[in-house]
Structure formats: C-alpha cells, structure tokens
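Engineer: Can you read through this structure? Questions will come right after.
Numbering (my numbering), first residue to last: 1 to 397.
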C-alpha cells in the first residue's frame, strides 16, 4: 500500500456519552474490554499503515499516557487540537506532520483493516481523487448519508431527517496532500470547520469516489450503545486473549474459580478474579483487574478496569466506568427503559444502569432501568437509585 501515513481524529469528548466521558474522551471508552482507539490502530496497521498521526484534544493525556510513542511497533505522532472546532479543523492540526497522500479515520468507531485497505486501494487507482468508505445501514439519521452512483458520490447529507437514505459515510478517507488547502478554503459554519463540508464541496465537482464496504463498523453514540458494541466485538471474536473454548476468552493472568460459570460469548481481562458460584455472560466483557464476587451474576454488561462486584450482586445490561465499587447485594435488573440524556428522553432502550468512574454502592443498592450515575457518586446501603445522579452526589435512604 503506497499510502503509508494515517491521521486519526481523536480530539472530541463524546458529550452524548456522558457521564462516561466526564474523565476521558470517547475513543478511550471500552469496546468490550479494550479502548475503541485500539481497534482503530489495529485496523490501520493491519491495512499496511506504517505511521500514525493522532489528533488529540479533550483529556488528551488519557490517550497519550495509555499508548505512549508507539503501538505494535508503529510510531505514533501526537498533535493537539486546543479547541474542538470541527473535524476539518482537527485535520488541519496534522498538516505539518503529513507529507504526501494520507488516510484519515475517525478515532471513535470500531473498524477493521479490510475496510481501510479497500479505501486505500480505490484511492491508489486514482491518486488525485479522494475516496471514502460507504456502508449500508437501515437508519442513517445519526450519520452522514450519501448518494452513491456508479462509484461516485453525488451528495452527502449530515443527519438526514427522512428515511430515504440507506448508505452512510463510514468515516474512512483517503486524500491527496492538497486536501489541506481544500479545507482551508471551506467556509466555517457557526465557527466550526467540518470535514464533511469540504467533502460536499468536492462532491459538487464530482471529485469524490465511494467504496462500498462490509467490514466491521460499530459506533457508540449513547451509553447504551456500548452494550451493542461489545456484543458485536464478541460475536466477531475481536478480542486479544487466548481462547479457552468457543466464545470464551480468558486472559492467562485472570483467576476463574472452578465453580464459576462463564457463558459464551464472554471475555475476562488481565488480572481479573471470578469467584465461586459467579455466573458471567453471555455477552459480558470484564476489563483489567475486575473482581466478580461469590454468587454474583453479570450478563450483557461491560465492566471497565478495576470494577469490583461483591457477593450476591446481579448486573444486567450494565456499563461501568473505571474503579467502580458495587457492594454485596447490588441489583441492576436490566432494561428496557426510557433513558434521559441531558434534557432528551429516549424511549425503550436496553439499559440497566451506567455507573461512571469511581462510583460506589455501599450494599443492597437497587437501580431502576435506565439510571445514569455520575463520577464519584456514593450510594449508601439500601438506596434505590433512578434517573440521573449528578457527579459527586451522596445519596442516602
């Protein structure tokens, strides 16, 4: 592959994923038991990229401290978008670090190397014309819909309000070096410079090619989407632990009691401990150093690093941040639920509860489906939690 450099746009927060993004950017949220950004880097390297430029911004230390200067022996160069002023503005920050044509990908969606390679191959057949990945989706309303005819983009519509579109922009691009000039020439909208606005201007001149791909592409827009992301990753076997048996992945450093039950698909990360009588899975992902106590049940859930689930607890449709402590007898019965995100209510979502970083439940705490618990919240023994609980709150009976 002649396009050897990629730029990854990883500067945004992901506000609709609050409270999970209060302390880290969306690309560092877990897709099963690894950060989303790891899958992005893997896809680029698997496609043949030998240098990656990462545009960071919001909570950038969480990205840089995790990955350091290299990933899988590929150099990572970091550039900073000080203010989040749009995806086009983010890409401009990488201009001085790029020499020649470049692949550009969003850092907050799980993709695979086949999709990246398909876009790169199409671009190399005509290296003066940008190319982008196009995917078929039943609902295009949350994404950039595209009209593709004979391999050429005819139009691109951000978040269409009709259901006539079935093809979306996959956020995987290949550009000639002059893309930076095209971005600079693009008018800003409400102070922001969107890459899709530049692409729309190029589409008007018949200068963008589309590549239909069917590879892995999973996005988390809202907290409950992390459960769907985990299910997709587990279904495709996209985990790094050695496989114990079909659909069960256990890191070699994890300790799983002989009397515990792991129900496929399930992944147990490094340094985890699963006690006697515990049932984990199906569709459960345990990050590093997670403890599941005796006779606890964890199903269709994503538990991030350093989460502790004490004896007799039941977690269904649950997402935790890091360093969450759930005392004995904690009960999250699962969805469906009407979930309020900021001021908007989403009906009939599959979500038991979200507990952000360092949340604590002292014991015998129960949750209404769809509860969102902010960082550093303390729920005292016997509390019933519901709705949105603000960061740092202390809730007593």
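Heads up, the beta-carbon is just placed ideally off N, CA and C, and yes, glycines get one too. What you are looking at is a predicted structure, and each value in this text was computed from that prediction instead of being measured.
(1) What three-state label does DSSP hand residue 222 in the structure shown?
(2) State yes or no: is the C-beta of residue 398 within less than 8 Å of the C-beta of residue 362?
(3) Tell me whether the beta-carbon of residue 335 lies closer than 8 Å to the beta-carbon of residue 370.
(4) Using 8 Å as the Cβ pair cut-off and three pairs as the minimum, do the stretch 345-355 and the stretch 371-378 touch?
(5) With distances taken between CB atoms, is the gap from residue 130 to residue 185 smaller than 8 Å?
(6) Report the residue ranges of all beta strand (DSSP E) runs contained in full by the stretch 26-74; include only those spanning at least 3 residues, in chain order.
(7) For residue 134 and residue 212, what's the separation of their Cα atoms in angstroms?
(8) Do residue 418 and residue 17 have their CB atoms nearer than 8 Å?
(9) Checking the sheet assignment: what are the DSSP bridge partners for residue 189?
(10) For residue 363, does the three-state DSSP call read helix, strand or coil?
(11) Count the other CB atoms, across all protein chains shown, that sit within 10 Å of the CB of residue 344; report buried if there are 16 or more and exposed otherwise.
(12) Going straight from the alpha carbon of residue 273 to that of residue 88, what length do you get?
(13) Can you give me the start and stop residues for the beta strand (DSSP E) that residue 148 sits inside?
(14) Per DSSP, what kind of secondary structure is residue 246 in: helix, strand or coil?
(15) Excluding the 5 residues preceding and the 5 following residue 64 in the sequence, name in chain order all residues of the same chain whose CB lies nearer than 7 Å to its CB.
(16) Give a yes or no on whether the C-beta atoms belonging to residue 262 and residue 29 are separated by under 8 Å.
(17) From residue 92 to residue 183, what distance separates their C-alpha atoms?
(18) Taking a contact to mean a Cβ-Cβ separation below 8 Å, would you say residue 259 touches residue 277 in this structure?
(19) Note down, one range per segment and in chain order, each beta strand (DSSP E) of at least 3 residues found wholly within the stretch 320-357.
(20) Taking the beta strand (DSSP E) that residue 209 falls in, what are its first and last residues?
(21) Please state the DSSP three-state secondary structure of residue 298.
(22) For residue 301, which residues in the same chain have their Cβ closer than 6 Å to its Cβ, ignoring the five residues on either side in sequence?
(23) Can you find the residues in the same chain that come closer than 6 Å, C-beta to C-beta, to residue 41, ignoring five residues on each side of it along the sequence?
(24) Under 8 Å by Cβ, that's how I've got residue 221 and residue 176 pegged, so tell me the actual separation to the nearest angstrom.
(25) Would you call residue 83 buried or exposed, if buried means 16 or more other Cβ atoms sit within 10 Å of its Cβ?
(26) Using a Cβ-Cβ cut-off of 7 Å (strictly less than) and excluding sequence neighbours within five positions of residue 4, which residues of its own chain qualify?
(27) Sorry if obvious, but does the Cβ on residue 147 come closer than 7 Å to a heavy atom of the ligand SAH?
(28) Tell me which same chain residues have a C-beta within less than 6 Å of the C-beta of residue 382, skipping the five on either side of it?
(29) Is the Cβ-Cβ distance between residue 110 and residue 31 less than 8 Å?
(30) Between which two residues does the beta strand (DSSP E) holding residue 109 run?
(31) Please determine, among 199, 253, 236, the residue with the shortest C-alpha to C-alpha distance to residue 246.
(32) Which residue's Cα is closest to the Cα of residue 219: 11, 298, 26, 205?
(33) Starting from residue 181 and walking both ways along the alpha helix (DSSP H), at which residues does that stretch end?
Structural biologist: The structure says:
(1) Of the three classes helix, strand and coil, the one that applies to residue 222 here is coil, per DSSP.
(2) With the chain represented from 1 up to 397, any question about residue 398 goes unanswered, as that position is not in the structure.
(3) Yes; because the gap between Cβ atoms is below 8 Å, this pair is in contact.
(4) The stretch 371-378 and the stretch 345-355 touch, with three or more beta-carbon pairs separated by less than 8 Å.
(5) No; because the gap between Cβ atoms is not below 8 Å, this pair is not in contact.
(6) Here the runs fully enclosed are 51-56.
(7) If you take the alpha carbons of residue 134 and residue 212, they lie about 5 Å apart.
(8) No answer is possible for residue 418: the residues shown for the chain start at 1 and end at 397.
(9) Looking at the DSSP assignment, residue 189 forms a beta bridge with 192.
(10) Looking at residue 363 - three-state DSSP - the assignment turns out to be coil, as it is neither helix nor strand.
(11) Answer is exposed; the Cβ neighbour count stays below 16.
(12) For residue 273 and residue 88, the distance between alpha carbons rounds to 44 Å.
(13) Segment 144-149, the beta strand (DSSP E) holding residue 148.
(14) Looking at residue 246 - three-state DSSP - the assignment turns out to be coil, as it is neither helix nor strand.
(15) Excluding residues within five positions, the ones whose Cβ falls inside 7 Å are 56, 78.
(16) In this structure, residue 29 does not lie closer than 8 Å to residue 262 by Cβ.
(17) Spanning the two alpha carbons is a distance of roughly 8 Å.
(18) Between residue 259 and residue 277, the gap from beta carbon to beta carbon is short of 8 Å.
(19) Within the stretch 320-357, the beta strand (DSSP E) runs of at least 3 residues that lie entirely inside it are, in chain order, 337-341, 344-349, 353-355.
(20) From DSSP, the beta strand (DSSP E) with residue 209 extends over 209-212.
(21) Residue 298 falls in the strand class under three-state DSSP.
(22) Correct list, in chain order: 284, 315, 318.
(23) Around residue 41, the same chain offers 71 as residues with beta carbons nearer than 6 Å, after the five sequence neighbours per side are excluded.
(24) Between residue 221 and residue 176, the beta carbon gap of about 31 Å keeps them out of contact (Cβ cut-off 8 Å).
(25) By the 10 Å Cβ count, residue 83 comes out exposed.
(26) Spatial neighbours of residue 4 in its own chain (CB-CB distance under 7 Å, excluding positions within 5 residues in sequence) are listed in chain order as 49, 50, 51.
(27) By its list of ligands, the structure shown contains no ligand whatsoever, and the ligand SAH lies outside what it can speak to.
(28) Scanning its chain for C-beta atoms nearer than 6 Å, with the 5 sequence neighbours on each side dropped, one finds around residue 382 the residues 364, 397, in chain order.
(29) Taking 8 Å as the cut-off, the beta carbon of residue 110 is found closer than this to the beta carbon of residue 31.
(30) Per DSSP, residue 109 is one residue of the beta strand (DSSP E) stretching across 109-111.
(31) Comparing C-alpha distances from residue 246 to each of 199, 253, 236 shows the shortest one belongs to 236.
(32) Answer by Cα proximity: 26.
(33) Residue 181 -> alpha helix (DSSP H) spans 179-184.
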